[in-house]
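Q: Below is one structure. I have some questions about it.
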Amino acid sequence: MTAARSPERTTPERSERNPAGLAAGVGAYVLWGLFPAFWPLLDPAAPLEVLAHRVLWTAVLMAVVLTVLRGWGDVRGLGLRGWLATAAAAVFIAVNPGFRSSWADVRAEFGG
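Numbered according to this note's numbering, the sequence shown spans residues 10 to 121.
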């Protein structure tokens, strides 16, 4: 007969908690809350231009992250399954409500 295993602990003990994580979470919520204040600055830009900037700067940021973390070898080593998972993740991210509303603006602008 095997001994029953205790469930794995998922909540860190108080001594294991990192205050930097709390600060990062609060900072993210504050930035996310302030983000709409800058939307009027985007009025002169066409929706397609905003979308192009989102794609371009995300690619630049990820290239920097991969360089700093030395992750290019992992990218080069991806097999078919890894690339399919990456493509699926990209599709799921692309069809989020923000992208859909941007695409609706683009279609309205170009009469689509």
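Every residue gets a Cβ at the ideal spot worked out from N, C-alpha and C, and that includes glycine.
This structure is a prediction, so every number in the text was calculated from the model and none was measured.
1) Could you check the C-alpha separation between L70 and L60 for me, to the nearest Å?
2) Report the option in G34, L75 and P56 whose CA atom is closest to the CA atom of E118.
3) Is the separation between the beta-carbon of V84 and that of L93 shorter than 8 Å?
4) How big is the Cα-Cα spacing for F101 and N27?
5) Where does L40 fall in DSSP's three states?
6) Please return the same chain residues whose Cβ sits closer than 7 Å to the Cβ of L51, not counting the five positions on each side in sequence.
A: The short version:
1) If you draw a straight line from the Cα of L70 to the Cα of L60, it comes to about 15 Å.
2) E118 has its Cα closest to that of P56, out of G34, L75 and P56.
3) No; because the gap between Cβ atoms is not below 8 Å, this pair is not in contact.
4) For F101 and N27, the distance between alpha carbons rounds to 31 Å.
5) L40: helix per DSSP, three-state reduction.
6) Same-chain partners within the cutoff: V59.
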